[in-house]
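There are 2 protein chains.
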Amino acid sequence: MPEIKLTYFDMRGRAEASRLALVVGEIPFEDERVVFDHWKEAKPKTPYAALPMLTVDGMQVAQSDAILRYCGKLAGLYPSDPLEAAKVDEVGGVIDDVTHAMYRYRGDDKDKLREERDKFSKVDVPRYVGALEKRLEAFGDGPWAVGGNMTIADLHICHLVTNIRCGMLDFVDKDLLEGYVRIVKSYSAVMEHPKVTEWYEKKPVKMFS
Amino acid sequence: MPEIKLTYFDMRGRAEASRLALVVGEIPFEDERVVFDHWKEAKPKTPYAALPMLTVDGMQVAQSDAILRYCGKLAGLYPSDPLEAAKVDEVGGVIDDVTHAMYRYRGDDKDKLREERDKFSKVDVPRYVGALEKRLEAFGDGPWAVGGNMTIADLHICHLVTNIRCGMLDFVDKDLLEGYVRIVKSYSAVMEHPKVTEWYEKKPVKMFS
Numbered sequence: 001m002p003e004i005k006l007t008y009f010d011m012r013g014r015a016e017a018s019r020l021a022l023v024v025g026e027i028p029f030e031d032e033r034v035v036f037d038h039w040k041e042a043k044p045k046t047p048y049a050a051l052p053m054l055t056v057d058g059m060q061v062a063q064s065d066a067i068l069r070y071c072g073k074l075a076g077l078y079p080s081d082p083l084e085a086a087k088v089d090e091v092g093g094v095i096d097d098v099t100h101a102m103y104r105y106r107g108d109d110k111d112k113l114r115e116e117r118d119k120f121s122k123v124d125v126p127r128y129v130g131a132l133e134k135r136l137e138a139f140g141d142g143p144w145a146v147g148g149n150m151t152i153a154d155l156h157i158c159h160l161v162t163n164i165r166c167g168m169l170d171f172v173d174k175d176l177l178e179g180y181v182r183i184v185k186s187y188s189a190v191m192e193h194p195k196v197t198e199w200y201e202k203k204p205v206k207m208f209s
Numbered sequence: 001m002p003e004i005k006l007t008y009f010d011m012r013g014r015a016e017a018s019r020l021a022l023v024v025g026e027i028p029f030e031d032e033r034v035v036f037d038h039w040k041e042a043k044p045k046t047p048y049a050a051l052p053m054l055t056v057d058g059m060q061v062a063q064s065d066a067i068l069r070y071c072g073k074l075a076g077l078y079p080s081d082p083l084e085a086a087k088v089d090e091v092g093g094v095i096d097d098v099t100h101a102m103y104r105y106r107g108d109d110k111d112k113l114r115e116e117r118d119k120f121s122k123v124d125v126p127r128y129v130g131a132l133e134k135r136l137e138a139f140g141d142g143p144w145a146v147g148g149n150m151t152i153a154d155l156h157i158c159h160l161v162t163n164i165r166c167g168m169l170d171f172v173d174k175d176l177l178e179g180y181v182r183i184v185k186s187y188s189a190v191m192e193h194p195k196v197t198e199w200y201e202k203k204p205v206k207m208f209s
């Protein structure tokens, strides 16, 4: 097994799905957390002046989706069958679409933010998450998103549901996703996994992004 | 080999990289092109009211990146080694970042579009494409982005370079990427591949997106 270090800020954000993949797969890794005061110094040493970054036997890998897929492969959470893997990647793609819609507006105008977040809740979520719910229903009864085992698709979903449920998003109802039963089922199955509950006992939840 | 249909509009856009993967891999497929007049009728039959869509032995796969990775696997354009595959996925992730920046503004205000496109050319491209250029240099001399053979990373790059070079983007110089030698090398290697040149003799380039 390669020597793995996952570098990110001391929050869940764009690294937590990869952390959980490694935790569930029982892959030993260094969970490096960069303090914001040190980020300015560390930033130019990353490939795209951004985190997360994975270091595998001294080699850097960047981009959160690439990191998650790599960790998922090591952990046995990414199907070897190409068509099953395509379903997993499809879920990841939709979650990316939803996340982009969630952060579409990044300015300081509170009224504009409220307007964009209303659109997110009333248009984007029904469009994307509603469609994803139907896809998961077609994929099977669950609890896992694709097939009979946890995959990184469940970790993508877990990331989205956590972001909404924690109530950190201004002008977004934290119950927004509760009606999507199949999606919540996948989220709950991840959160109830023994390795995941053990992880959150050691690493209390901090910030989200 | 499964029976494959790739459905998209009659343009390159978000399907062309997948088409090229299948073409290079000599995988037989139906290249279904939806006429805009028929789209309203076809739209609700797609998983996310969007194209491209792949149909594999009657099963639908959505999301362009999922489709491309699946086609890449069939065609032998996606490494089986997880770390090499992570490099390929990293390239795909950066190209996604650049593409999002390219289409950040979608309104009708021409002055605002010019402002956003200026920012794209002067800030986003140096940031993302400049960093990608350095990564590719570290990955090797090329011409291929990752390793000694074409991968879907080259097809991601080809899509970006084509979009800029064709001059379809308002307020973006079509020579914007020409200084990124390693990136242009990957693009050229795709465009000069015998299967690709043969393809464009049969399928003249139409629109881009």
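Here the protein sequences line up with chains F and A, keeping their order.
All letters in the first sequence, in the order written, are residues 1 to 209 by the UniProt record's numbering.
All letters in the second sequence, in the order written, are residues 1 to 209 by the UniProt record's numbering.
Beta carbons: idealized from backbone N, C-alpha and C, even for Gly.
Since the model is a prediction, treat every value here as computed from it, not as a measurement.
*In angstroms, rounded to a whole number, what distance separates the CA positions of residue 20(A) and residue 196(F)?*
41 Å
*Is residue 74(A) close to chain F, meaning its C-beta is less than 8 Å from at least one C-beta of that chain?*
yes
*Closest to residue 178(A) by CA distance: which of 157(A), 93(A), 59(A) is it?*
157(A)
*At which residues does the alpha helix (DSSP H) containing residue 75(F) begin and terminate?*
64 to 75
*DSSP beta-bridge partners of residue 9(F)*: 34(F)
*For the beta strand (DSSP E) containing residue 56(A), list its first residue and its last residue.*
53 to 56
*asked:* I'd like to know whether the C-beta of residue 52(F) is nearer than 8 Å to at least one C-beta of chain A.
replied: no
*Nearest neighbour of residue 42(A), chosen from 64(A), 65(A), 8(A) [CA to CA]*: 8(A)
_Is it buried or exposed, residue 128(F), if we count other Cβ atoms within 10 angstroms and call 16 or more buried?_
buried
*Starting from residue 158(F) and walking both ways along the alpha helix (DSSP H), at which residues does that stretch end?*
152 to 165
*Less than 8 Å between the CB atoms is what I'm expecting for residue 29(F) and residue 4(F), so what's the real figure, rounded?*
4 Å
*In the DSSP assignment, what residue or residues form a beta bridge with residue 4(F)?*
56(F)
*Going along chain A in order, which residues have a C-beta closer than 8 Å to the C-beta of residue 89(F)?*
63, 65, 66, 69, 70
_Measuring only the C-alpha atoms, how far is residue 166(A) from residue 159(A)?_
11 Å
*Enumerate in chain order the residues of its own chain whose CB-to-CB distance from residue 114(A) is below 8 Å, with the five nearest sequence positions on each side excluded.*
170, 171
*How would you list, in chain order, the residues of chain A whose beta-carbon sits under 8 Å from the beta-carbon of residue 131(F)?*
47, 48, 49
*asked:* Using only the alpha-carbon positions, how far apart do residue 99(F) and residue 186(A) sit?
replied: 30 Å
*Measuring alpha carbon to alpha carbon, tell me which of 193(A), 132(A), 161(A), 163(A) ends up nearest residue 150(A).*
193(A)
*Put residue 184(F) into one of helix, strand or coil per three-state DSSP.*
helix
*asked:* Tell me the DSSP secondary structure of residue 123(A) in three-state form.
replied: helix
_Please list, in chain order, the chain F residues whose beta carbon lies closer than 8 Å to that of residue 82(A)._
70, 73, 74
*Element boundaries [alpha helix (DSSP H), containing residue 47(F)]*: That residue, residue 47(F), is in no alpha helix (DSSP H); it is neither H nor E in DSSP.
_Whole-Å CB distance - residue 181(A) paired with residue 145(A), under 8 Å assumed_ = In fact, because the Cβ distance is near 13 Å, the residues do not count as touching under 8 Å.
*Mind listing the chain F neighbours of residue 56(A)? Cutoff is C-beta to C-beta under 7 Å, in chain order.*
83
*Could you list which residues in chain F have their beta carbon closer than 9 Å to that of residue 100(A), in chain order?*
100
*asked:* Only counting the same chain, and skipping five residues up and downstream in sequence, which positions put a Cβ closer than 7 Å to that of residue 33(F)?
replied: 8, 9, 10
*Given a threshold of 16 other Cβ atoms within 10 Å of its Cβ, counted over all protein chains shown, does residue 96(F) qualify as buried or as exposed?*
buried
*What is the C-beta distance between residue 82(F) and residue 73(A), in whole angstroms, given that I count them as a contact (C-beta under 8 Å)?*
4 Å
*May I ask you to list the residues that DSSP assigns as paired with residue 61(F)?*
54(F)
*Is DSSP giving residue 82(F) helix, strand or coil here?*
helix
_Reduced DSSP secondary structure (H/G/I, E/B, other) of residue 88(A)_ = helix
*Examine chain A for any beta-carbon lying closer than 8 Å to the beta-carbon of residue 25(F), and answer yes or no.*
no
_Extent of the continuous alpha helix (DSSP H) to which residue 147(F) belongs_ = Run containing residue 147(F): none; DSSP gives neither H nor E here.
*asked:* Distance check for residue 148(A) and residue 44(A), CA to CA, integer angstroms please.
replied: 42 Å
*asked:* Less than 8 Å between CB atoms is the rule here; does residue 59(F) satisfy it with respect to chain A?
replied: yes
*Using the beta-carbon of each residue, which ones in chain F are nearer than 8 Å to residue 128(A)?*
48
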